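Q:
Residue numbers (my numbering): 63 to 225.
1. What is the rounded straight-line gap between the Cα of residue 258 and the Cα of residue 86?
2. Throw me the rounded Cβ distance for the residue 95 and residue 137 pair, which I believe falls under 8 Å.
3. Measuring CA to CA, which of 129, 153, 102 and 160 is closest to residue 146?
4. Mapping DSSP to helix, strand and coil, what is residue 193?
5. Alpha carbons only, please: which of 222, 151, 134 and 181 is nearest the one belonging to residue 160?
6. In this structure, how does DSSP classify residue 212 when only helix, strand and coil are distinguished?
7. Could you pull out every unbroken alpha helix (DSSP H) segment of at least 4 residues lying fully inside the stretch 104-172, listed in chain order?
8. Can the beta-carbon of residue 150 be found closer than 8 Å to that of residue 182?
9. Below 8 Å between beta carbons: does that hold for residue 120 and residue 68?
10. May I have the straight-line CA-CA distance separating residue 104 from residue 194, to the nearest angstrom?
11. Roughly how far, in whole angstroms, is the beta-carbon of residue 185 from the beta-carbon of residue 206, given that I think they are within contact range, below 8 Å?
12. Looking at residue 209: is its Cβ nearer than 8 Å to the Cβ of residue 173?
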């Protein structure tokens, strides 16, 4: 049996489900799934599969390394992902995964990335995003990797609920 629309936030490598973005979602979208991830990529992906098991329609939000995880999940389950929202995603890491790097994700994808991101520079992320997301809505903002200046101004209600 499947459940209705799920919303999930996937935090970055050095963050947790207690970080600034996670707390924002807990306060404003109390039904959002916000698991804590640790360990290497494969372990995190296995946990994500378990968390989303039985859910047929999903809005995925991924920040940094969580953006990579959300992208891989969408590659593996495009029929289950309604929208993909990526915040400074670690897309260049796809280049190390030959079985993934050429896959195309047809789902609507919103990507927010800062011009001052020194961890994942814009010029390393955009070419990958443009190659794999034909339905890309790219938002380049004056911010750094954490997107602290931009994050709360993203139209979350519109992206998550269509309102």
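Here a beta-carbon is modelled for each residue, glycine too, at the ideal position from N, C-alpha and C.
These numbers were taken from a predicted model, which means no experiment stands behind them.
A: Inspection of the coordinates gives the following:
1. There is no way to answer for residue 258, as the model of the chain reaches only from 63 to 225.
2. As a working note, residue 95 is residue 33 in the chain shown. As a working note, residue 137 is residue 75 in the chain shown. Not really, about 20 Å apart at Cβ, beyond 8 Å.
3. Taking the first residue of the chain shown as 1, we reach residue 146 at position 84. With respect to the C-alpha of residue 146, the residue from 129, 153, 102 and 160 having the closest C-alpha is 129.
4. The count along the chain shown starts at 1 and reaches residue 193 at position 131. In the structure shown, residue 193 sits in a helix (DSSP, three-state: H, G or I).
5. Within the chain shown, numbered from 1, the residue matching residue 160 stands at position 98. Per the Cα distances, 134.
6. As a working note, residue 212 is residue 150 in the chain shown. Looking at residue 212 - three-state DSSP - the assignment turns out to be coil, as it is neither helix nor strand.
7. Runs of alpha helix (DSSP H) with 4 or more residues, each lying fully within the stretch 104-172, are found at 127-138, listed in chain order.
8. Sequence index remark: in the chain shown, residue 150 carries index 88 (1-based). Sequence index remark: in the chain shown, residue 182 carries index 120 (1-based). Taking 8 Å as the Cβ cut-off, residue 150 and residue 182 qualify as a contacting pair.
9. Mapped onto the chain shown, residue 120 falls at position 58. Mapped onto the chain shown, residue 68 falls at position 6. Closer than 8 Å, so yes.
10. On the chain shown, position 42 is the one that residue 104 refers to. On the chain shown, position 132 is the one that residue 194 refers to. Cα to Cα, residue 104 sits roughly 21 Å from residue 194.
11. Reading the chain shown from its first residue, position 123 is the one you call residue 185. Reading the chain shown from its first residue, position 144 is the one you call residue 206. Actually they do not touch by this definition, with Cβ atoms about 15 Å apart.
12. In the chain shown, residue 209 corresponds to position 147, counting from 1. In the chain shown, residue 173 corresponds to position 111, counting from 1. Contact flag unset, no.
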